[in-house]
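Engineer: Once you've had a glance at the structure underneath, I'll fire off some questions.
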Amino acid sequence: MNNNAAPAGAVRRIEDNKFLYTLREMWRGKNAYGMLAPFFILFTLMTAVPVLMSLPIGFTNFNMVSFPQLIGFDNFYTLFMEDEVFLISIQNTLVFALVTGPVSYVMAFMLAWFIHQLPGQLKTVFTFIFYAPTLAGNVYATWQLIFSGDSHGIANAYLTDMGILTRSQEWLTDGNLILYVVIIVQLWISLGAGFLAIRAGFQGIPGDRYEAGAIEGIKNRAQELLYITIPAMGPQLLFAAVMQIVASFSAGDVSRFLTAFPTTDYRAHSIMNHAFDFGALRFEMGMASAICFILFISMLFANWGIKKLLGKYLDS
Amino acid sequence: MKLVIKKRKKYSGSVGGDIAIFILLILLGTFMLFPIYLSVIQSLKPPEEFFLFPPRLYVISPTSQNFIELFEAAATMWVPFSRYLFNSMLVTVCVTGSQLILASMAAYVLAKVKVPGVRFFNRTIEISLLFTSTVLYIMQYMVMAQLNMINTYFAITLPFIATPMSIFFMRQFMGQIPDSIIEAAQMDGCGHFRTCWQIVMPNAKPAWVTLIIFAFTAAWQIQGGAFIFDEALKPLPTVLQQIQVSGIARAGVGAAATVFMMLPPMVLFLFCQGNVLETMAHSGLKE
């Protein structure tokens, strides 16, 4: 608490009273609080308060009409003991998170690194191409066209033509295929924010570090990556990791917009889909909230784990 | 020393590696771009080409008919199309601008100023970043109802400004600015406010340009949802979605709507990214 804007030469009095000391520090930082205030007032009203209000709903029976009734852990008991679909959705979400999470994280980094080595405006072009799915927003209709189940579907028509398929596949309704299709589309869509953050991180590494590296005898790309680039990218890599955790754990939009809801035999039914089922279709907000609460706790764990893991290698 | 270093470029590597990387990027890029390309193609197809077999990946006789139909359908609506467009533009500009200003200032304090409570704020941000819930919007509705903001522009603007992601992102970048230049600025009598805007922000250009892209893309896709019921206040995506879901007869028009919606973020992206370039690498930050 001491390298704040202290006037040069000022001697700080050591206070015995910690409380008074904190108050004095706060008074000295009043301008800083002023700069925090506009953001945090809005944040508190629009995000923090609604989040705090949603947390206890999982322990209630709430149908959006009457006031929530406290029922303790009943919702959680029902979910784990009586709801088979919930267990399927946990399994699907884990498969999802373990496949799409690490794959798109590594992809985001590798692609950003590759693009960084291209000359001039080619960088912009390729950054654009890989970020385009996020910019484009809602193109599920086009994916439906690609994976359409009849012979007019792009995938069916061209794979049959090339002799890979002998007959049309029901990509979006066949229980054996559906998870793969959803994973492909999820991978396509999930490069997003993490990728762009890492790209911006590359743009911010001072050039003299590479010159210094060259003097120190760095021979190839891999060494440069390991010894200069990655250590300088800690904050961006952490940001991308957190975004990726959120994206892969709370995945569900893809299967909801792309395929019928719920998916055949619940093959691509994720935890978020299950919450949507309870919340938006059956108006059992207590159950929906309990599901989201479980998801929230697991994301906290995943986040904690990732931070520990990255903290070992990076100084972020 | 000069002789040893010669003209070492920023990146080092063999020509073979360059070519391999380029080919890989082209292949993956094709996969990424394909659905978007297809949307554009679909939007240019005349109706009869939708039913050709096998489906074509190109247009035989491109037409602007779908776009004309889109605007005609839009013109016959109860509220003029321009009003929806205006709503969306207003919301997007307000959200992007305020997010940039508020998140940058707050992130500067969280990353670089040591005052009591910073750790608490940082924790709060990180935890709320991980919170997703299907009931969150109900609670937001209740808060906004208390503040009499339902069915006003505030309802589709304010919740999207102070997002945990924006401040987390800016904080991660600002943490990398060397303390020494901030100390130097304050030695010269710069207050926090001026340090933030005149010292830190120019040195964090890739960060805030990226934040603009994030904010704009997200804000452009804001839908009125339950917060807006007055037709004249609804943003564009709400309306275009109504057109998009109206079946195979409108498939071309739906694709035209998709293409129309993706254009502004794309133009902004190209403009912003082209501007950043790699100038940062030589900005003279010396520890």
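Each protein sequence line maps, in turn, to chains A and B.
The opening position of the first sequence corresponds to residue 1 in this note's numbering, with each subsequent residue numbered one higher.
The opening position of the second sequence corresponds to residue 1001 in this note's numbering, with each subsequent residue numbered one higher.
A virtual CB, placed ideally from N, CA and C, is assigned to each residue, including glycine.
A quick note: this is a predicted structure, and the numbers were derived from the prediction, not measured.
Excluding the five sequence neighbours on either side, which residues of its own chain have a C-beta within less than 7 Å of the C-beta of Ala-955 (chain B), listed in chain order?
Structural biologist: Not covered by the structure: residue 955 (chain B). The range shown for chain B is 1001 to 1287.
Engineer: Contact check, Tyr-105 (chain A) vs Ala-280 (chain A) under 8 Å by CB: the rounded distance?
Structural biologist: Incorrect: roughly 30 Å between the Cβ atoms, too far for contact.
Engineer: So the alpha helix (DSSP H) Leu-402 (chain A) belongs to, where does it begin and stop?
Structural biologist: Absent from the structure is residue 402 (chain A), since the part of chain A shown begins at 1 and ends at 316.
Engineer: Span of the alpha helix (DSSP H) holding Leu-237 (chain A)?
Structural biologist: Start and end: 234 to 249.
Engineer: Helix, strand or coil for Leu-55 (chain A), going by three-state DSSP, please let me know.
Structural biologist: Three-state DSSP puts Leu-55 (chain A) in a helix.
Engineer: Flag this pair as yes or no: are the beta carbons of Phe-43 (chain A) and Thr-1134 (chain B) separated by less than 8 Å?
Structural biologist: Contact: no.
Engineer: Counting C-beta neighbours from all protein chains within 10 Å, is the total for Gln-1273 (chain B) 16 or more, i.e. buried, or is it exposed?
Structural biologist: Buried: at least 16 other Cβ atoms inside 10 Å.
Engineer: Once DSSP output is grouped into helix, strand and coil, what is the label at Leu-1263 (chain B)?
Structural biologist: Helix.
Engineer: Where does the unbroken alpha helix (DSSP H) through Val-185 (chain A) begin, and where does it stop?
Structural biologist: Per DSSP, Val-185 (chain A) belongs to the alpha helix (DSSP H) from 178 to 189.
Engineer: Give a yes or no on whether the C-beta atoms belonging to Tyr-1108 (chain B) and Met-26 (chain A) are separated by under 8 Å.
Structural biologist: The answer is no: Cβ separation not under 8 Å.
Engineer: How should Phe-86 (chain A) be labelled, buried or exposed, when 16 other C-beta atoms within 10 angstroms of its C-beta is the threshold for buried?
Structural biologist: The residue in question, Phe-86 (chain A), is buried, as its Cβ has 16 or more Cβ neighbours within 10 Å.
Engineer: Might you give, ordered along the chain, the residues of its own chain that have their beta carbon closer than 6 Å to the beta carbon of Asp-1230 (chain B), omitting 5 neighbours on each side?
Structural biologist: Only Asn-1151 meet the Cβ criterion.
Engineer: Grouping DSSP H, G and I as helix and E and B as strand, with all else coil, what is Ala-212 (chain A)?
Structural biologist: Of the three classes helix, strand and coil, the one that applies to Ala-212 (chain A) here is helix, per DSSP.
Engineer: Could you say if the segment 286 to 297 of chain A and the segment 1131 to 1146 of chain B meet the contact criterion of at least three C-beta pairs nearer than 8 Å?
Structural biologist: Cβ pair count under 8 Å is three or more, so yes.
Engineer: Measuring CB to CB, does Thr-1217 (chain B) end up less than 8 Å from Leu-191 (chain A)?
Structural biologist: Contact flag unset, no.
Engineer: Would you tell me roughly how many angstroms separate the C-alpha atoms of Leu-1044 (chain B) and Pro-1062 (chain B), rounded to the nearest one?
Structural biologist: C-alpha separation (whole angstroms): 5 Å.
Engineer: If you measure between the beta carbons of Ala-197 (chain A) and Thr-1210 (chain B), is that distance less than 8 Å?
Structural biologist: Yes. Within cutoff.
Engineer: Give the residues from the segment 223 to 240 of chain A that approach chain B closer than 7 Å (Cβ to any Cβ), ordered along the chain.
Structural biologist: Answer set for the segment 223 to 240 of chain A: Glu-224, Pro-235, Gln-236, Leu-238, Phe-239.
Engineer: Taking CB distances under 8 Å as the criterion, tell me whether Ser-190 (chain A) reaches chain B.
Structural biologist: Chain B contact via Cβ: absent.
Engineer: From the DSSP output, in three-state form, read off Gln-1176 (chain B) for me.
Structural biologist: Three-state result, Gln-1176 (chain B): coil.
Engineer: So, does the CB of Gln-1242 (chain B) fall closer than 8 Å to a CB anywhere in chain A?
Structural biologist: Chain A contact via Cβ: absent.
Engineer: Answer yes or no: does any C-beta atom of chain B fall closer than 8 Å to that of Gln-144 (chain A)?
Structural biologist: Gln-144 (chain A) does not count as touching chain B.
Engineer: Taking the CB atoms as reference points, tell me whether Arg-221 (chain A) and Gly-1017 (chain B) lie closer together than 8 Å.
Structural biologist: Contact: yes.
Engineer: Return the residues of the segment 128 to 157 of chain A that lie within a Cβ-Cβ distance of less than 8 Å from chain B, sorted by chain order.
Structural biologist: If the cut-off is 8 Å between Cβ atoms, the segment 128 to 157 of chain A has Phe-128, Ile-129, Phe-130, Tyr-131, Ala-132, Pro-133, Thr-134, Leu-135, Ala-136, Gly-137, Asn-138, Val-139, Ala-141, Thr-142, Trp-143, Leu-145, Ile-146, Ser-151, His-152, Gly-153, Ile-154, Ala-157 near chain B.
Engineer: So for Gln-223 (chain A), helix, strand or coil by DSSP?
Structural biologist: Residue state, collapsed to three classes: helix.
Engineer: Between the Cα of Ala-288 (chain A) and the Cα atoms of A:Phe-130, A:Ala-48, A:Met-243, A:Leu-79, which residue gives the shortest distance?
Structural biologist: Looking at the Cα atoms, A:Leu-79 is the closest of the given residues.
Engineer: Secondary structure at Thr-1217 (chain B), three-state DSSP: helix, strand or coil?
Structural biologist: Here Thr-1217 (chain B) sits in helix by DSSP.
Engineer: Cβ closer than 7 Å: which chain C residues qualify as neighbours of Ser-1128 (chain B)?
Structural biologist: In the structure shown, chain C cannot be found, because the protein chains are A and B.
Engineer: Can you tell me the Cβ-Cβ gap for Phe-62 (chain A) and Gly-286 (chain A), rounded? I've got them flagged as a contact below 8 Å.
Structural biologist: The pair is a contact, with the Cβ atoms about 5 Å apart (cut-off 8 Å).
Engineer: Within 10 angstroms of its Cβ, does Phe-19 (chain A) collect 16 or more other Cβ (buried), or is it exposed?
Structural biologist: With fewer than 16 other Cβ atoms within 10 Å, it is exposed.
Engineer: Rounded to whole angstroms, what's the CA-CA distance from Ala-232 (chain A) to Val-1259 (chain B)? Just pull it up for me.
Structural biologist: Each residue's Cα considered, the two are about 38 Å apart.
Engineer: So, at 8 Å on beta carbons, what are the nonlocal neighbours of Ser-255 (chain A) in its own chain, with the 5 sequence-adjacent residues on each side left out?
Structural biologist: Contacts found: Ile-178, Val-182, Phe-261, Thr-263, Ala-268, His-269, Ser-270, Asn-273.
Engineer: Name the one or two DSSP bridge partners that Gln-69 (chain A) has.
Structural biologist: A:Asn-61, per the DSSP bridge assignment.
Engineer: Mind checking which residues open and close the alpha helix (DSSP H) that includes Gly-1191 (chain B)?
Structural biologist: Neither: Gly-1191 (chain B) is in no alpha helix (DSSP H) and is coded neither H nor E.
Engineer: Only counting the same chain, and skipping five residues up and downstream in sequence, which positions put a Cβ closer than 6 Å to that of Ser-958 (chain B)?
Structural biologist: Because chain B here runs from 1001 to 1287, residue 958 (chain B) falls outside it and cannot be looked at.
Engineer: Can you name, in chain order, every residue of its own chain whose Cβ lies under 8 Å from the Cβ of Asp-150 (chain A), other than the five neighbours on each side?
Structural biologist: Answer for Asp-150 (chain A): Asn-156, Ser-168, listed in chain order.
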